[in-house]
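The structure under discussion appears below in the form of structure tokens.
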Ligand SMILES: NC(=O)c1ccc[n+]([C@@H]2O[C@H](COP(=O)([O-])OP(=O)(O)OC[C@H]3O[C@@H](n4cnc5c(N)ncnc54)[C@H](O)[C@@H]3O)[C@@H](O)[C@H]2O)c1
């Protein structure tokens, strides 16, 4: 057994997702003695934390047992580390990915990969032409609730899928009465903000795989809270949407809906709920739990509810049958296997471009007031 070191530059390491997901899960792989490959070798992540604030980088590096860190990204890219992860603010991503590809790094980045599908596809083509491995984070399918939905789909539980519904979001405070829970760049177009760009990236792969590929979209976007307070306590104007309502038609004519808002108060099982209805059964999942109702267990709900039937009664909770591995760790393990032993890999930068495409379709449909069709994207 050989332990193979693999150098990973984490740009934006001190950001929310950089620290709580990427650094933490790669450190967990390290703590387990690296990732076991098929031939018995172990791939040991060796992190180089990159960012703009030396003090915060040093503190994070120290808190993780003395990791390497730098504020000089050019030097990091010129160095020998093999993988580049960008989890800094969305707006700068395409340029950073171009630089990393030019430096010969394998690319594994946060979503969204760019602001337009054309630019996202350009990145995918550049990576393919350079012969580097490339991937985008698609973590939500690994959350236990949505993994159970995937399991149901694979098992044929739904029969013929007749519709899919996504109901998501929560109230993000505007900073007046309570501090905002999302960074202010999320509400500025120039920095890559906007709910559609942020969240359609997830809904695209969720719908494509849990139900069927997206074919067309009709959408409305809106901004519920046009003025907010930033991290420094300054008021600013929001120039992006915080709410999306979309109708979709999926392959095979399946209808789907997305209702997603940062200005909605939650009275449902979770902040993200996905329901799939099929001829043989329905299921509804939040991030952790998933409930099913099969055709044979379906009560007559209309008269039943009027007569006092508890409509929750005939739903069965799915058991925990899948290993509880954190979603971002699963994303990293798949990508590391792809780099380390050429294992098959689905969420490439082409998938990243499909995710951006759904956001773009939402914006175009809203601007033009009509249905818009998803062009097929491939290298
Ligand atoms: N996969 C997911 O579920 C998920 C969840 C949240 C965020 N994200 C993505 O992760 C990225 C970071 O989001 P976050 O919530 O951690 O944000 P964040 O603001 O907490 O972190 C962003 C980091 O980038 C740095 N940064 C900001 N502007 C920069 C600039 N102009 N140049 C260089 N660095 C800059 C910040 O200092 C910070 O360290 C975004 O692209 C977001 O879409 C993904």
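Residue numbers (the working numbering): 1 to 379.
Cβ atoms here follow ideal geometry from the backbone N, Cα and C, with glycine treated the same way.
DSSP, reduced to helix, strand and coil, places residue 94 within a helical segment of the structure shown.
Relative to ligand 1, even the nearest heavy atom lies 7 Å or more away from the CB of residue 188. If you compare the alpha carbons of 83, 20 and 73 with that of residue 45, the shortest gap goes to 83. Counted as a single uninterrupted DSSP element, the stretch harbouring residue 202 is not any beta strand (DSSP E) but the alpha helix (DSSP H) occupying residues 195–210.
A distance of 8 Å or more separates the beta carbons of residue 279 and residue 263. Assigned with DSSP and collapsed to three states, residue 315 falls in coil, not helix or strand. Annotation: the continuous beta strand (DSSP E) that includes residue 84 extends over 83–86. Secondary structure at residue 59: helix, using DSSP grouped into helix, strand and coil. Between residue 192 and residue 185, the C-beta gap is smaller than 8 Å, which places the two residues in contact. Put simply, of 170, 116, 219 and 203 the residue whose alpha carbon is nearest the alpha carbon of residue 274 is 203. In this structure, DSSP gives residue 42 an extended state, which the three-state scheme calls strand. The residues 174, 175, 180, 184, 187, 235, 236 and 238, in chain order, have a CB closer than 8 Å to that of residue 228 in the same chain once the five nearest residues on each side in sequence are set aside.
Taken through DSSP and simplified to helix, strand or coil, residue 272 comes out as strand.
Inclusion of residue 340 and residue 120 in the CB contact set at 8 Å is not warranted, their separation being larger than that value.
Scanning 206, 91 and 109 for the CA closest to the CA of residue 256 turns up 206. Annotation: the segment 126–178 contains the following complete segments of the alpha helix (DSSP H) (minimum length 4 residues), in chain order: 144–155. Taking 7 Å as the cut-off, one finds no heavy atom of ligand 1 near enough to the beta carbon of residue 148.
Of all alpha-carbon atoms in 354, 21, 62 and 1, the one lying nearest the alpha-carbon of residue 33 is that of 1.
With a cut-off of 7 Å, the C-beta of residue 16 is classified as near ligand 1, since at least one heavy atom of the ligand falls inside that distance. Shortest Cα-Cα distance from residue 151 to any of 335, 373, 177 and 283 involves 283. The alpha-carbon of residue 124 is positioned some 30 Å away from that of residue 39. Per DSSP, reduced to three states, the secondary structure at residue 282 is strand. Separation of residue 153 and residue 377 (C-alpha to C-alpha, rounded to the nearest whole angstrom) is 24 Å.
By the criterion of at least three beta-carbon pairs nearer than 8 Å, the segment 309–325 is not in contact with the segment 103–113.
Between the alpha carbons of residue 327 and residue 177 lies a distance of about 33 Å. In this structure the segment 217–225 does not lie against the segment 155–170, because fewer than three pairs of beta carbons, one per stretch, are closer than 8 Å. With a contact defined as Cβ atoms closer than 8 Å, residue 13 and residue 51 qualify at about 6 Å.
Relative to the non-hydrogen atoms of ligand 1, the Cβ of residue 139 comes within a distance shorter than 7 Å of at least one.
Collapsing the DSSP output to three states places residue 23 in a helix.
When the beta-carbon positions are compared, residue 288 and residue 314 stay at least 8 Å from each other.
DSSP places residue 110 in no beta strand (DSSP E); its state is neither H nor E.
Distance from residue 281 to residue 295 at the Cβ level is roughly 6 Å; contact confirmed, criterion being Cβ atoms closer than 8 Å. For residue 73, DSSP assigns no beta-bridge partner whatsoever. Between residue 167 and residue 79, the alpha-carbon positions lie close to 44 Å from each other. In the DSSP secondary-structure assignment, residue 261 is bridged to 169 and 243. When only Cα atoms are considered, residue 58 and residue 65 end up about 11 Å apart.
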